[in-house]
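*Asks:* The sequence shown begins at 158 in the working numbering and counts up one residue at a time.
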Amino acid sequence: MKHAPPKDTTMKSIAAHIERSIQQDPGNRGLDNWAIQKELLPATQSLAQGDHIIITTGFYILSAGVIETDGPPGAIILADALRRMGKKVTLLIDSSDATIIRQGMAAIGSSVGVMEIHEDREISAKELFTPDTTHFIALERPGQASDGCYYNFRGYDLSPHIAPLDALFIDAQSRNIMTIGIGDGGNELGLGKVSANVDSHMPDDRPFSCKTVADFCICAGVSNWGGYGMAALLSVMACQNLLPKPSALAKLLDAITEAGAVDGVTGKNTPSVDGLDEEWEHDIFFMMHELSQTTPSPDTMASGKRNHKEIQRLNINPLNN
């Protein structure tokens, strides 16, 4: 039996709970210094009203010559949640990443549409957008810095290895298509709102952060977590769990690793994400899956009692940050 959607005050509490959870910073990326809050709820409310949603992902790792494990899982889980809501979804990916993305999708039985782009040919707005396109999401996708280049977290230029999408992001806004940027370092597409904060904490004056501003900026300790969190909040809004079973995440990570994806920090072909213990990824996903199945009362969420019990069970502290 489906329950009525929670009142707005409850939704705000749930969104705040999710945001605190996904903004934990076990990788010490300095989110305390530059991350912003309170954009998850309005972004997800907007997305729930969308028709055709485009999601792009894929962060190239120079040392390995392939993309990392942060990005595809979050994008695939979010895309599939939107598909389950009846939305039309297109995953926009580099052609060199197609095998990784498609095998990840197959691992959870996702059938969203895929559009491949090539690093040496710019895609036009006419090719990408349709009259029904309402949202363009970038999840762990390099964004353009002040000098026009694309940088990884170590400051190395990735420009020759990716198809630039910033111009399309800006074009989307001119067409009243809502844009959402999800990232964990400040150098991802759409995170221009935090650019000044990020740059102020860099050790030197070198270009690094993305200057392209999305309508909504979702900051997370790991970018995947932003996708999981948004899918969980969509589930609460839809009164339907839109996430696959927690065991599916291991299958997804194994599938993209077998297809060549690497840990973005270690550069190793393992199903870990951003150099963290694998339990981090699975515990965050499990928490989002559990939350997707419930509609906590306003009193429970406000008191923090349920949060405390959840965190005790999962051995995670969402208030680290």
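By construction, the Cβ of each residue, glycine as well, lies at the ideal position given by its N, Cα and C atoms.
Ordered along the chain, which non-local residues of its own chain (more than five positions away) have a Cβ less than 7 Å from that of T427?
*Replies:* Looking up residue 427 in the sequence shown gives position 270. Exclusion of the five residues before and after T427 leaves T414 and D420 as the residues of its chain whose Cβ lies within less than 7 Å of its Cβ.
*Asks:* If we require 3 or more residues per run, which beta strand (DSSP E) segments fall completely within the segment 180-230?
*Replies:* You should have 209-213.
*Asks:* Count the C-beta pairs between the segment 330-340 and the segment 263-280 that are closer than 8 Å, then say yes if the count reaches three, no if not.
*Replies:* no
*Asks:* To which residues of the same chain is K244 closer than 8 Å at the C-beta, ignoring the five residues directly before and after it?
*Replies:* Residue numbering aside, residue 244 sits at position 87 when the sequence shown is read from its first letter. Here the set comprises G207, D208, H209 and I210.
*Asks:* Alpha carbon to alpha carbon, how far is M262 from D362?
*Replies:* Against the sequence shown, residue 262 aligns to sequence position 105. Against the sequence shown, residue 362 aligns to sequence position 205. Roughly 40 Å separates the two Cα atoms.
*Asks:* Please report the distance separating the alpha-carbon of V370 from that of A416.
*Replies:* By one-based count along the sequence shown, residue 370 stands at place 213. By one-based count along the sequence shown, residue 416 stands at place 259. The alpha-carbon atoms of V370 and A416 are separated by roughly 32 Å.
*Asks:* Output needed for G384: all residues of its chain with C-beta closer than 7 Å, excluding positions within five of it in sequence on either side, in chain order.
*Replies:* In the sequence shown, residue 384 corresponds to position 227, counting from 1. G231, A232, I234, L235, L296 and I339.
*Asks:* Hey, how far is the Cα of Q330 from the Cα of Y308?
*Replies:* Taking the sequence shown and counting its residues from 1, one reaches residue 330 at position 173. Taking the sequence shown and counting its residues from 1, one reaches residue 308 at position 151. When rounded, the distance between both Cα atoms is 24 Å.
*Asks:* In this structure, how does DSSP classify I233 when only helix, strand and coil are distinguished?
*Replies:* For the purposes of this step, residue 233 is taken as residue 76 along the sequence shown, with counting starting at 1. Looking at I233 - three-state DSSP - the assignment turns out to be helix.
*Asks:* If the criterion is Cβ atoms closer than 8 Å, does the pair L406 and A388 meet it?
*Replies:* On the sequence shown, residue 406 is found 249 positions in, with the first residue counted as 1. On the sequence shown, residue 388 is found 231 positions in, with the first residue counted as 1. With respect to A388, L406 sits apart: the two C-beta atoms are not nearer than 8 Å.
*Asks:* Could you tell me which of G343, P401 and I441 sits nearest to I481, measuring between CA atoms?
*Replies:* This structure cannot settle anything about residue 481, because the visible part of the chain is limited to 158 through 478.
*Asks:* From which residue to which residue does the beta strand (DSSP E) around M272 run?
*Replies:* In the sequence shown, counting from the first residue as 1, residue 272 sits at position 115. Note, M272: beta strand (DSSP E), G270 to I274.
*Asks:* Give the straight-line distance between the Cα atoms of P288 and E196, rounded to the nearest whole angstrom.
*Replies:* Indexing the sequence shown from 1 puts residue 288 at position 131. Indexing the sequence shown from 1 puts residue 196 at position 39. Roughly 26 Å separates the two Cα atoms.
*Asks:* Residues bridged to A371 by DSSP?
*Replies:* Position 214 of the sequence shown, counted from the start, is the residue given in the question as residue 371. Beta-bridge pairing links A371 to no other residue.
*Asks:* Which class does Y313 belong to by DSSP, given the choice of helix, strand or coil?
*Replies:* Against the sequence shown, residue 313 aligns to sequence position 156. In the structure shown, Y313 sits in coil (DSSP, three-state: anything other than H, G, I, E or B).
*Asks:* Would you identify the three-state DSSP class for I319, choosing helix, strand or coil?
*Replies:* Mapped onto the sequence shown, residue 319 falls at position 162. The answer is coil: DSSP assigns I319 none of H, G, I, E or B.
*Asks:* Work out the CA separation of V430 and V422 for me, nearest whole Å.
*Replies:* Walking along the sequence shown from the start, residue 422 turns up at place 265. Walking along the sequence shown from the start, residue 430 turns up at place 273. V422 and V430: Cα-Cα distance of roughly 8 Å.
*Asks:* With a Cβ-Cβ cutoff of 8 Å, do K368 and A282 count as a contact?
*Replies:* What you label residue 368 is simply residue 211 of the sequence shown in a count that begins at 1. What you label residue 282 is simply residue 125 of the sequence shown in a count that begins at 1. It is not a contact, given that the beta carbons lie outside the stated cut-off.
*Asks:* Please report how far the alpha carbon of R177 lies from the alpha carbon of Y313, in whole angstroms.
*Replies:* Sequence index remark: in the sequence shown, residue 177 carries index 20 (1-based). Sequence index remark: in the sequence shown, residue 313 carries index 156 (1-based). Roughly 30 Å separates the two Cα atoms.
*Asks:* Please classify G222: is it buried, with 16 or more other beta-carbons within 10 angstroms of its beta-carbon, or exposed?
*Replies:* The sequence position of residue 222 within the sequence shown is 65, counting from 1. Exposed, because fewer than 16 other Cβ atoms sit within 10 Å of the Cβ of G222.
*Asks:* Name, in chain order, the residues that DSSP records as bridge partners for F286.
*Replies:* Walking along the sequence shown from the start, residue 286 turns up at place 129. According to DSSP, F286 bridges with nothing at all.
*Asks:* Ignore the nearest five residues each way along the sequence and tell me which others in I319's own chain have a CB closer than 7 Å to its CB.
*Replies:* Indexing the sequence shown from 1 puts residue 319 at position 162. Y217, D251, E276, P299 and Y307, listed in sequence order.
*Asks:* Rank D254, S220, I265 and D323 by C-alpha distance to the C-alpha of D237 and give the top, closest one.
*Replies:* The residue given as residue 237 occupies position 80 in the sequence shown. Of D254, S220, I265 and D323, the residue nearest in Cα terms is I265.
*Asks:* Could you tell me the alpha carbon to alpha carbon distance between Q180 and E284, rounded to whole angstroms?
*Replies:* For the purposes of this step, residue 180 is identified with residue 23 of the sequence shown, where counting begins at 1. For the purposes of this step, residue 284 is identified with residue 127 of the sequence shown, where counting begins at 1. So the alpha carbons of these two residues sit roughly 35 Å apart.
*Asks:* By a C-beta neighbour count over all protein chains shown, 10 Å radius and 16 as the cutoff for buried, is Q450 buried or exposed?
*Replies:* Counting from 1 along the sequence shown, the entry for residue 450 is found at position 293. By the 10 Å Cβ count, Q450 comes out exposed.
*Asks:* Alpha carbon to alpha carbon, how far is T167 from D411? Give it in angstroms, no decimals.
*Replies:* As a position in the sequence shown, residue 411 is number 254, starting the count at 1. As a position in the sequence shown, residue 167 is number 10, starting the count at 1. Whole-angstrom Cα-Cα distance: 36 Å.
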